[in-house]
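2 protein chains.
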Amino acid sequence: MGDVHATAADHHPIDRPDLAALAGLLADRTRAAMCLALLDGRTWTATELARHTGVAASTATAHLNRLVAGGLLEEERRGRHRHVRLADADTAEMIESLASHAPLRPAHVRSLRDAHRHRSLTHARTCFDHLAGTVAVAITDALSDRHLLTWDYGPTLTPEGKDWLRHEGIADHRDNRAHVRTCLDWTERRPHLAGAVGAALFRHALERGWMVRRGTTRIVTVTEEGRRALRERLGVEEGVLAGPGDV
Amino acid sequence: MGDVHATAADHHPIDRPDLAALAGLLADRTRAAMCLALLDGRTWTATELARHTGVAASTATAHLNRLVAGGLLEEERRGRHRHVRLADADTAEMIESLASHAPLRPAHVRSLRDAHRHRSLTHARTCFDHLAGTVAVAITDALSDRHLLTWDYGPTLTPEGKDWLRHEGIADHRDNRAHVRTCLDWTERRPHLAGAVGAALFRHALERGWMVRRGTTRIVTVTEEGRRALRERLGVEEGVLAGPGDV
DNA sequence: CCGACACTTCGGTCCCCGCCGAAACGTACG
DNA sequence: CGTACGTTTCGGCGGGGACCGAAGTGTCGG
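Line by line, the protein sequences are chains D and F. Going by this note's numbering, the first residue of the first sequence is number 1, and it counts up by one from there. Going by this note's numbering, the first residue of the second sequence is number 1001, and it counts up by one from there.
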């Protein structure tokens, strides 16, 4: 039957997901650290990332090339700067989800500053477009306790929950198919609210001055006003909301 | 101030997720292929996986060692055989989710058998404990059309949906917090029903003889009886349910 | 127009790891 | 027992890629 391998096979080009290629992008300490840093949803320059990960500028260039080519990052050249950010919310979710499944490794803490920064991160941080950390889990729990969020057959807003969002003016008007997702917290190992509703809630909190972002990091602190608002509106305990001391 | 790095830092052991380590496990073609194969939820022996991925037995041993050590696989030694399977449904979801984000690569098709196998896989296959492929997407769409499943604020069963499951005898009695999740299909790039409800539905279909698994592969075929049942109960079009010819 | 700066390219080193075959080990089966 | 078979260990080979420093390109600011 001679040469067979050039017949019907070519008519149906077979595409299979290249899992190894995607995983390979994240399989390096430096690139993983870059992606984790970019989870703050901001735009970083190449030099910032190089300094943050502790590698030479030339090494950072090579890594960013691969991440951009792989579609994980998007770049924007402005003058002599190379700005990069995560491609989209979907990519961010994938990375955060992967991180939540990853084994925990004891990290080398060099200074008291490091230790404090870590405490702040576990307390409240951004996760691309929504909130993560102890505070996020507490808010999620509070929503559940008040029957605004239910877990039967998957996390969903209850009718009361939808009304509450509208009443608070948080409802995401741009799409009426707002998405409730939950995100597993690495520190808490418990789910917190994510998706479009989680993002709208966080945006709302920032606009009302309930929370502020700490400089150029992922760290978020809850303001005095925020503590009051969250206690009054959701019954979140003040103790949980108090950060690890003021910096 | 001399030696500082051995003070308060040690009191607070800092654990950070080792994203690179987890990704590294999947960053190899052979290991990725093994995990993808294991997505059928079955138990494979080391030799089977070696043959399936086309590597020597000794190479397979090394890979399995790493996957087991990394917690992705669980093993069971029986006599001279080493049986492995994915650690749990959570791990399977993570891999499938990662696969759905991975870039598609044109695969090398060697034979007509390969091409046909691929068509069968895209039509209907197992995804650990539930169904994936064109048929799964069609069923999910049908559930949505009949308002048994809603997408507002995240995928959830409607009250009608819960009643329908109970009426059909599909309800998962083991836990009343059954979980609705959706899984992005690589072939369709559209979501299909997963989670506990998806699993219960698939189990039900197997028990009623609506579908049968094809040998030791992930391939699933819809029986004549299944076609009728799905059309009558959910209004799924027969055309979609017909497989790519009988083998 | 000249220095400072952000980034890139290039050359070179080093190490990790995926692969194999050969031999050893242990179990199953006649 | 002895043979067959599934799996493991070991040695060795080869390639890919992570890293750096030095030199080059382009841009901004004085």
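No residue lacks a Cβ here, since even glycine has one placed at the ideal position from N, Cα and C. Keep in mind it's a predicted model, so treat the numbers as computed, not measured.
Between the options, which has its C-alpha nearest residue i's C-alpha?
{"i": "Ala1200/F", "options": "Leu1165/F, Arg1227/F, Val1220/F, Glu1188/F", "result": "Leu1165/F"}
{"i": "Asp1114/F", "options": "Trp1151/F, Leu1230/F, Ile1219/F", "result": "Ile1219/F"}
{"i": "Gly209/D", "options": "Gly215/D, Thr217/D, Thr223/D, Arg146/D", "result": "Thr223/D"}
{"i": "Pro1244/F", "options": "His1101/F, Arg1119/F, Val1236/F, Leu1104/F", "result": "Arg1119/F"}
{"i": "Thr134/D", "options": "Arg66/D, Leu193/D, Ser97/D", "result": "Leu193/D"}
{"i": "Ile1095/F", "options": "Ala1107/F, Leu1072/F, Ser1111/F, Arg1117/F", "result": "Leu1072/F"}
{"i": "His63/D", "options": "Thr45/D, Leu241/D, Ser144/D", "result": "Thr45/D"}
{"i": "His179/D", "options": "His167/D, Leu149/D, Val109/D", "result": "Leu149/D"}
{"i": "Asp145/D", "options": "Cys183/D, Leu234/D, Gly41/D", "result": "Leu234/D"}
{"i": "Asp1185/F", "options": "Arg1080/F, Ala1057/F, Leu1098/F", "result": "Leu1098/F"}
Apart from the five residues on each side of it in sequence, which residues of its chain come closer than 8 Å, Cβ to Cβ, to residue i?
{"i": "Glu1238/F", "result": "Arg1227, Arg1231"}
{"i": "Ala87/D", "result": "Gly71, Leu72, Leu73, Glu74"}
{"i": "Met1001/F", "result": "At Met1001/F, the pLDDT of 42 sits below 50, so the modelled position is not reliable and the matter cannot be decided from this model."}
{"i": "Arg214/D", "result": "Ser120, Val220, Thr221, Val247"}
{"i": "Val1240/F", "result": "Thr1134, Val1135, Ala1138"}
Report the CB separation of residue i from residue j in whole angstroms; it is logged as a contact under 8 Å.
{"i": "Arg181/D", "j": "Gly195/D", "result": "3 Å"}
{"i": "Ala23/D", "j": "Ala1027/F", "result": "4 Å"}
{"i": "Phe1202/F", "j": "His1130/F", "result": "5 Å"}
{"i": "His1090/F", "j": "Pro106/D", "result": "Sequence check: residue 1090/F is Asp here, not His. At roughly 23 Å, the Cβ-Cβ gap does not stay under 8 Å, so Asp1090/F and Pro106/D are not in contact."}
{"i": "Ala21/D", "j": "Ala1102/F", "result": "7 Å"}
{"i": "Leu39/D", "j": "Arg31/D", "result": "With 8 Å as the limit, Leu39/D and Arg31/D do not qualify as a contact, their Cβ atoms being about 13 Å apart."}
Between which two residues does the beta strand (DSSP E) carrying residue i extend?
{"i": "Thr1126/F", "result": "1125-1127"}
{"i": "Glu96/D", "result": "No beta strand (DSSP E) contains Glu96/D, which is instead part of the alpha helix (DSSP H) from 89-101."}
{"i": "His1083/F", "result": "1081-1086"}
{"i": "Thr1182/F", "result": "1181-1184"}
Can you name the residues of chain F whose CB is closer than 9 Å to the CB of residue i?
{"i": "Trp186/D", "result": "Asp1015, Arg1016, Pro1017"}
{"i": "Leu148/D", "result": "In chain order: nothing, as chain F lies at least about 11 Å away."}
{"i": "Arg66/D", "result": "In chain order: nothing, as chain F lies at least about 12 Å away."}
{"i": "Ala229/D", "result": "The premise fails here: Ala229/D is roughly 23 Å from chain F at the closest Cβ pair, so nothing lies under 9 Å."}
For residue i, return the contacting residues in chain F, with the cut-off set at a CB-CB distance below 8 Å.
{"i": "Leu98/D", "result": "Leu1019, Leu1022, Ala1023, Met1094, Leu1098"}
{"i": "Leu49/D", "result": "Neighbours of Leu49/D on chain F: none; closest Cβ ~15 Å, over 8 Å."}
{"i": "Gly71/D", "result": "Pro1103"}
{"i": "Arg181/D", "result": "Gly1154"}
Going along chain F, which residues have a C-beta under 7 Å from residue i?
{"i": "Leu157/D", "result": "Tyr1153"}
{"i": "His101/D", "result": "Leu1022, Met1094"}
{"i": "Ala27/D", "result": "Ala1020, Ala1023, Gly1024, Ala1027"}
{"i": "Ala171/D", "result": "Per Cβ cutoff of 7 Å: no residues; Ala171/D is ~10 Å from chain F at best."}
Which bits of chain D does residue i rub up against, with CB to CB less than 8 Å?
{"i": "Pro1191/F", "result": "In chain order: nothing, as chain D lies at least about 11 Å away."}
By Cβ distance, which residues of its chain are closer than 6 Å to residue i, with the 5 residues on each side in sequence left out?
{"i": "Thr43/D", "result": "His83, Arg85"}
{"i": "Ala1037/F", "result": "His1052"}
{"i": "Ala1301/F", "result": "Past the edges of chain F, shown from 1001 to 1247, lies residue 1301/F, and the structure says nothing about it."}
{"i": "His204/D", "result": "Ile170"}
Is residue i a contact residue of the ligand HEM, with contact defined as CB to any heavy atom under 6 Å?
{"i": "Asp152/D", "result": "Questions concerning the ligand HEM fall outside what the structure shown contains, since it holds no ligand whatsoever."}
Let's see if you can read the secondary structure: which residues bound the alpha helix (DSSP H) around residue i?
{"i": "Leu49/D", "result": "46-53"}
{"i": "Thr217/D", "result": "Note, Thr217/D: premise wrong, no alpha helix (DSSP H); not H, not E."}
{"i": "Ala1057/F", "result": "1057-1069"}
{"i": "Asp15/D", "result": "Looking at the DSSP string, Asp15/D is not in any alpha helix (DSSP H); the run it does join, the beta strand (DSSP E), is 15-17."}
{"i": "Pro1159/F", "result": "1159-1168"}
Under 7 Å between beta-carbons, which chain D residues line up against residue i? List them in chain order, please.
{"i": "His1118/F", "result": "Ile14"}
{"i": "Val1197/F", "result": "Tyr153"}
{"i": "Leu1036/F", "result": "Leu19"}
Give me the chain D residues within the contact set of residue i, using Cβ-Cβ distance strictly less than 9 Å, ordered along the chain.
{"i": "Asp1141/F", "result": "Neighbours of Asp1141/F on chain D: none; closest Cβ ~15 Å, over 9 Å."}
{"i": "Pro1106/F", "result": "Pro13, Ile14, Asp15, Arg16"}
What does a CB cutoff of less than 7 Å around residue i pick up in its chain, not counting 5 residues either side in sequence?
{"i": "Val236/D", "result": "Ala138, Ile139, Ala142, Leu230"}
{"i": "Arg125/D", "result": "Ala132, Gly133, Arg218, Ile219, Val220"}
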